[in-house]
Amino acid sequence: MVSYKIALIPGDGIGPEIIAEGQKVIDAASDICGFKINWVKYPFSADHYLETKELLPMDSLKEIERMDSIYLGALGDPRMKPGVLEKGILLALRFYFDQFVNLRPVKLLEGVECPLKNKKPKDIDFTVVRENTEDFYVGVGSHAKEGHSKETLEIKRSLYEVKFDLDIEADRDEVAYQIGILSRKGSERIIRYAFELAKKKNLSRVTSVDKANVLSDIYGFWREIFSEVSKDYPGIDTEYNFVDAITMWFIRKPEWYQMIVSPNMFGDIITDLGAMIQGGLGLAPGGNINPDGISMFEPIHGSAPKYKGMNSANPIATIWSGSMMLEELGEEKAARFVLKAIEEVLKEGKVRTRDLGGSSKTHEVGDAVVEKLKDM
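The working numbering numbers the first residue of the sequence shown as 548 and each following residue consecutively.
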C-alpha cells in the first residue's frame, strides 16, 4: 500500500479545530481509495512561541524535507506583534521550501449563495496563480530618520542573492521604505506554470495582473516576461488587467475569467475578493506549491481567535485544501471524491455552519463529508 508522510501544523485559534476535520476526511478518503496517511504533528504556534521563544527551528525544517507535504490550519494570535508568526513560520516555510506557486481555485459550489446578484456556479469558476516568494512580500525594508544614514538589506532565495547598500539622505522628515523585487527566472516560472495549468485544463485565456501604468519598472518587467512566455502557447489568448480594474471586473463579469496569473502582493488582494464571490472565506482553499518539492496546503482565512474553542468555524476551506493536497500527491481519484462530497453536503443544505446561515458545529460538517464519502 502506498503511504504518505504529512507534516501537520494545527497552529492558532480555530486552526486545531478545522485541521482535525480535514484529517478526518482525508483519512476516510485514503481508506476508500487504498492508500495510507502518516501524520507527523508539529506544535508551531503562538502558544509554542510564548512558552519556548521558538518559531520554526532548522532541525524541524530538515525533518519536514523528508516528508511528502504540509497541512496547515491557521496562524495568528492577538498576543503576538503583527507579522511575527506570519514571517517566522508561514513565510519561512514558503521561502525555505521554495513554494513559488500560490494556487487559489475560485469556484462557487452548488448550494452556496453568491453575494453577486444572479450569479450561479457556472459564472464563477476560475483559478488564480499567484507568485509566492517575491514582489513586496520579500519582507525587506526599514526606516530612515531625518539626516544621513546607511543601510544594507539582503534577499536570499534559491534563485539568487541580492544585496542593497543604501546611502540615504532624508531631508526634514523621517521616512519608511519597502523594497519589492521580481527576478526574470522567478517571474518566468510562475507565468509558465499558469500557462501549463491552463493547457492541462483546456482553457483558452490567461489574464496577467499588474500595475504597470504607475509602478512601471517592476511591473513593466513582469509584462515583458509574460509577453515572452505567452509566445510558447499560441493556442491560448492573453490579456493584461491592472489590479484595480480586475477587482471591478470580478464583480461586474466574473464569468469572463479562466486563468489569472499575478505578482505576489496583487494576488493576495484579489484572492480575498475571489473568496467573497465564491461564498466567503470559510469556503476558500489554498495551496503553496513547489512542483518539484514539498508543498503546503491551508485555508486562506486567518485564525479567528475570538471563535477559538467554540466548535463553530467552517472547516470546508480546510477540507477542500486537503483535496488539493491529495491531487498534488497524485491521488486524483480521492481528491475528486472529497470535493464531490463537499458539494453534496452543501447542496443538501442540512449541515451548515453559522457563516452559511446554519447552526451546525465544526465537527458535524466533517462528519457529514465523511458520510458522503462512504456513500460513494
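Don't be surprised by glycine CBs; every beta carbon is placed ideally from N, CA and C.
Simplified DSSP assignment, three categories, for residue i
i, result
"Ala567", "helix"
"Ser842", "strand"
"Ser689", "strand"
"Asp645", "coil"
"Ser924", "The structure shown does not extend to residue 924, since the chain spans only 548 to 923, so no value can be given for it."
"Val912", "helix"
"Ser696", "strand"
"Asp791", "helix"
"Asp682", "strand"
"Arg752", "strand"
"Thr865", "helix"
"Met857", "coil"
"Val761", "coil"
"Pro629", "coil"
"Thr900", "coil"
"Val653", "strand"
"Ala621", "strand"
"Val572", "helix"
Spatial neighbours of residue i in its chain, beta-carbon cut-off 6 angstroms, leaving aside the 5 residues before and after
i, result
"Met614", "Lys552, Ala554"
"Leu713", "Glu698"
"Ala717", "Ala691, Glu693"
"Val790", "Val756, Lys758, Phe813"
"Glu786", "Thr754"
"Lys588", "Leu555"
"Leu655", "Cys661, Pro668, Ile671, Gln825"
"Ser907", "Val898, Arg899, Thr900"
"Glu875", "Ser842"
"Pro557", "Pro563, Ile566, Gly620"
"Ala639", "Leu603"
Where the alpha helix (DSSP H) containing residue i begins and where it ends
i, result
"Leu820", "811-824"
"Arg736", "731-747"
"Gly581", "Segment: none, Gly581 is in no alpha helix (DSSP H) and carries neither H nor E."
"Met923", "Careful: Met923 lies outside any alpha helix (DSSP H) and carries neither H nor E."
"Lys880", "879-895"
"Ile611", "605-611"
Range of the contiguous beta strand (DSSP E) that encloses residue i
i, result
"Ala554", "549-558"
"Phe711", "708-717"
"Phe591", "That residue, Phe591, is in no beta strand (DSSP E); it is neither H nor E in DSSP."
"Ala723", "722-728"
"Ile836", "832-836"
Close beta carbons around residue i, own chain, < 8 angstroms, minus the five adjacent residues each side
i, result
"Asp784", "Ser751, Arg752, Val753"
"Ile817", "Val675, Val756, Val790, Ile793, Thr794, Phe797, Ile807, Ser809"
Next on the checklist: Does the contact criterion of 3 or more C-beta pairs under 8 angstroms hold for the stretch 911-919 versus the stretch 879-891?
Outcome noted: yes
Checklist entry - Is it a yes or a no for the stretch 775-789 touching the stretch 732-750, going by three-plus beta-carbon pairs under 8 angstroms? => result yes
Checklist entry - Would you say the stretch 560-568 touches the stretch 863-872, given that touching needs at least three Cβ pairs under 8 angstroms? => result yes
Checklist entry - Are the stretch 811-828 and the stretch 645-665 in contact at 8 angstroms, needing three or more beta carbon pairs? => result yes
Checklist entry - Do three or more CB pairs link the stretch 576-590 to the stretch 800-813 at distances below 8 angstroms? => result no
Item to check | Touching by the beta-carbon criterion (3+ pairs, under 8 angstroms), the stretch 838-851 and the stretch 886-902 | outcome: no
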